[in-house]
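Numbering (the numbering used here), first residue to last: 2 to 120. Before any comments, here is the structure.
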């Protein structure tokens with residue numbers, strides 16, 4: 002399973018990325034956490050960026066917390082899982098909203114108006 006974690010460095014205006022491959026999702030998650038913690042701070046301890054973009058397999062998320070040494074790996078894992086779930090729910094909501102809001106395709110039959118509804 003492929004994974005990556007990236008940070009936009011606010012100071013240098015560059016992106017730092019780590020990517021790899023893991024045997025399964027749990028291993029990919031552990032590698033993302035380790036790489037994210039490594040990339041989140043510079044050698045002098047200053048924070049590169051509080052927000053990371055991650056991908057595990059096909060799942061994408063934006064996550065904070067890699068820079069926080071008081072946040073243990075299990076809590077960071079929970080944050081990542083919650084961010085992935087939120088992104089998936091948002092995508093489903095937007096897909097539903099777009100399908101409801103789009104006008105009928107050109108040439109598609111238009112539903113008849115209901116005179117009783119005041120249309």
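Ideal Cβ placement from N, Cα and C applies to all residues, glycine included.
In the DSSP assignment, residue 12 is bridged to no other residue. Below 8 Å, too few C-beta pairs join the stretch 78 to 85 and the stretch 41 to 51 to call them touching: fewer than three. Counting of Cβ neighbours within 10 angstroms places residue 77 among the buried residues, the total reaching 16 or more. The Cβ neighbour count for residue 6, taken over all protein chains shown within 10 Å, is at least 16; the residue is labelled buried. By a beta-carbon distance limit of 8 Å, residue 37 does not contact residue 57. Their separation comes to about 11 Å.
Taking a 10 Å sphere around the C-beta of residue 32, we find 16 or more other C-beta atoms and assign the residue as buried. Judged by DSSP secondary structure, residue 63 falls within the beta strand (DSSP E) whose first and last residues are 60 to 65. In this structure, the CA atom of residue 23 is about 9 Å from the CA atom of residue 30.
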